[in-house]
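Chemist:
Residue numbers (the working numbering): 737 to 1124.
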């Protein structure tokens, strides 16, 4: 009664603050495990902070790699900005379609979209770099407008197929009955769509602005171009590089000549993978968030084996409700499975005669209550019964 909430909070803060010290207590003959209210949540929050650091490092790595590959700070900054800005419209559409649950699992999409977004940017810039040579081969003048038109059409077609298949694979998770997987699939699929729209609507303006303003002008001293100096085009007739020539000539000829063998090999590979996938069985063990040897991992089973289950994650709460409508106990009309706070409307039995059935209800309460004889047998104590 003496401010139990405040005391529990102080104990919880002490345990979390001294987690490392408490974990090192004990020796070969004495093992120490500990727990407080909401300790799982505290550990999970700690892991989320670590995951956020990894996400930041991933963004920095992608940014640095992009700047090195495209040799432009401007294109690199705009590219990473495009990837991150895809989250805004994705959130809007995600909530607009009525999904109100946003789990931690959804944040993993940032690692996926960093790779997909960077890949799309490289495709666009490679097509832009190849446009001059290819337009010259087609006897077209490589003006900025012609180059942009050629690049846009090529990139829009190339990235459409990959973005579509990726989106479909993510959206397939929407059929899952697990809310976290369901919403992750929808969110990641929408994120890929928004990133595709960004690469065909936003990034062309970035590239043409860079081409007109920065590419051939020695300014910014390293902020716009990797090196100071004029980056004018080579006066000789532009040609495709060795990598482009290898893929368009050598590799293309090999694939065309061996196409039937490649198809058979692909069918055999997919068939083998399908067979082994069909032999997979669900893990019989409960998924563990914490690794073996972790304090929470070791504490839980020992609490369940040697102490009362009056509170904790191993509790099983069973609620019996008398008087529900047998045909439709819960009306979920107009509700969404992804809205965790909207359970629907409970339907009572309109013909229930509570006074007449009260003796039966009391008898059931007495029948399922744990008796003293059971408590005296030793072992793990059963949960007490709260009736009414």
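Heads up, the beta-carbon is just placed ideally off N, CA and C, and yes, glycines get one too.
1. Pull up the distance between the alpha-carbon of residue 800 and that of residue 793, whole angstroms please.
2. Does residue 781 come out as helix, strand or coil in the three-state DSSP assignment?
3. If you measure between the beta carbons of residue 818 and residue 851, is that distance less than 8 Å?
4. Express the C-alpha separation of residue 808 and residue 951 in angstroms, rounding to a whole number.
5. With burial defined as no fewer than 16 other Cβ atoms inside 10 Å of the residue's Cβ, what is the status of residue 1104: buried or exposed?
6. State yes or no: is the C-beta of residue 922 within less than 8 Å of the C-beta of residue 907?
7. In chain order, which continuous runs of the alpha helix (DSSP H) of length 4 or greater are located wholly inside the stretch 999–1085?
8. Could you say if the stretch 898–907 and the stretch 868–885 meet the contact criterion of at least three C-beta pairs nearer than 8 Å?
9. Residue 1032 and residue 776 look like a contact to me (Cβ under 8 Å); what is the Cβ gap, rounded to whole Å?
10. Excluding sequence positions up to five away, which residues of its chain have a Cβ less than 8 Å from the Cβ of residue 1056?
11. Put residue 938 into one of helix, strand or coil per three-state DSSP.
12. Who are the near neighbours of residue 999 in its chain, counting only those whose CB is closer than 7 Å to its CB and skipping five residues on each side?
13. Decide if residue 749 is buried, meaning its Cβ has at least 16 other Cβ atoms within 10 Å, or exposed.
14. Which residues in the same chain have their Cβ closer than 8 Å to the Cβ of residue 894, if we skip the five residues on either side of it in sequence?
15. Please check the pair residue 1090 and residue 1059, which I expect to be a contact at CB under 8 Å, by giving their CB distance rounded to whole angstroms.
16. Just to confirm before moving on: does the CB-CB distance between residue 1071 and residue 1078 stay below 8 Å?
17. Between the alpha carbons of residue 870 and residue 992, how many angstroms are there, rounded?
18. Quick one: using the 10 Å Cβ neighbour count with 16 as the cut-off for buried, is residue 742 buried or exposed?
19. According to DSSP, is residue 824 part of a helix, a strand, or is it coil?
20. What number of angstroms, rounded off, separates the C-alpha of residue 1081 from the C-alpha of residue 803?
21. Applying the criterion that 16 or more other CB atoms from any shown protein chain within 10 Å of the CB defines a buried residue, is residue 955 buried or exposed?
22. Helix, strand or coil: which one does DSSP assign to residue 793?
23. Would you mind reading off the limits of the alpha helix (DSSP H) that contains residue 988?
24. On a CA-only basis, which of 767, 828, 938, 761 is nearest residue 1038? Give me that one, please.
25. Once DSSP output is grouped into helix, strand and coil, what is the label at residue 890?
26. Expressed to the nearest angstrom, what Euclidean distance is found between the alpha-carbon atoms of residue 885 and residue 825?
27. What does the alpha-carbon distance come out to for the pair residue 1073 and residue 1004?
28. Excluding the 5 residues flanking residue 1024 on each side, which residues of the same chain have their C-beta closer than 7 Å to its C-beta?
29. Taking Cβ to Cβ, would you say residue 916 is nearer than 8 Å to residue 839?
30. Can you tell me whether residue 867 is buried or exposed, with buried defined as 16 or more other CB within 10 angstroms of its CB?
31. Short check: CB of residue 770 to CB of residue 1035, under 8 Å?
32. Can you tell me whether DSSP reads residue 931 as helix, strand or coil?
33. The alpha helix (DSSP H) spanning residue 840 covers which residue range?
34. Give the straight-line distance between the Cα atoms of residue 1009 and residue 1002, rounded to the nearest whole angstrom.
35. Quick check: what's the CA-CA separation for residue 1007 versus residue 1016?
Modeler: Short version:
1. For residue 800 and residue 793, the distance between alpha carbons rounds to 10 Å.
2. The three-state secondary structure of residue 781, taken from DSSP, is helix.
3. Going by C-beta atoms, residue 818 is not nearer than 8 Å to residue 851.
4. Taking the straight line from one Cα to the other gives about 9 Å.
5. Residue 1104 should be labelled exposed.
6. In contact: residue 922 and residue 907 (Cβ atoms closer than 8 Å).
7. Counting whole runs of 4 or more residues, the stretch 999–1085 contains the alpha helix (DSSP H) stretches 1031–1042.
8. Touching, no.
9. Going by Cβ atoms, the distance from residue 1032 to residue 776 rounds to 6 Å, so yes, they are a contact pair.
10. Closer than 8 Å at the Cβ level, and outside the excluded window around residue 1056, lie 1100.
11. Secondary structure of residue 938 (DSSP, three-state): coil.
12. Within the same chain, residue 999 has no close Cβ partners at all.
13. Flag for residue 749 reads exposed.
14. These residues qualify, in order along the chain: 859, 863.
15. About 7 Å separates the CB atoms of residue 1090 and residue 1059; that is less than 8 Å, so the two are in contact.
16. Contact: yes.
17. Between residue 870 and residue 992, the C-alpha separation is close to 22 Å.
18. Its Cβ having fewer than 16 others within 10 Å, residue 742 is exposed.
19. Three-state result, residue 824: helix.
20. Computed Cα separation, rounded: 56 Å.
21. Low per-residue confidence applies at residue 955: pLDDT is 45, beneath 50, and the placement is therefore not dependable enough to give any value.
22. Here residue 793 sits in helix by DSSP.
23. Per DSSP, residue 988 is one residue of the alpha helix (DSSP H) stretching across 988–993.
24. Taking only the C-alpha atoms, the option nearest residue 1038 is 767.
25. Residue 890 falls in the helix class under three-state DSSP.
26. C-alpha separation (whole angstroms): 26 Å.
27. When rounded, the distance between both Cα atoms is 40 Å.
28. Excluding sequence neighbours, residue 1024 sits near 1033.
29. A contact, by the Cβ cut-off of 8 Å.
30. Counting C-beta atoms within 10 angstroms of its own C-beta, residue 867 has 16 or more neighbours from the protein chains shown and is therefore classed as buried.
31. Taking 8 Å as the cut-off, the Cβ atoms of residue 770 and residue 1035 count as close.
32. Residue state, collapsed to three classes: helix.
33. No alpha helix (DSSP H) holds residue 840; DSSP gives it neither H nor E.
34. Each residue's CA atom was taken as its position, placing residue 1009 and residue 1002 some 11 Å apart.
35. Going by the C-alpha atoms only, they are around 15 Å apart.
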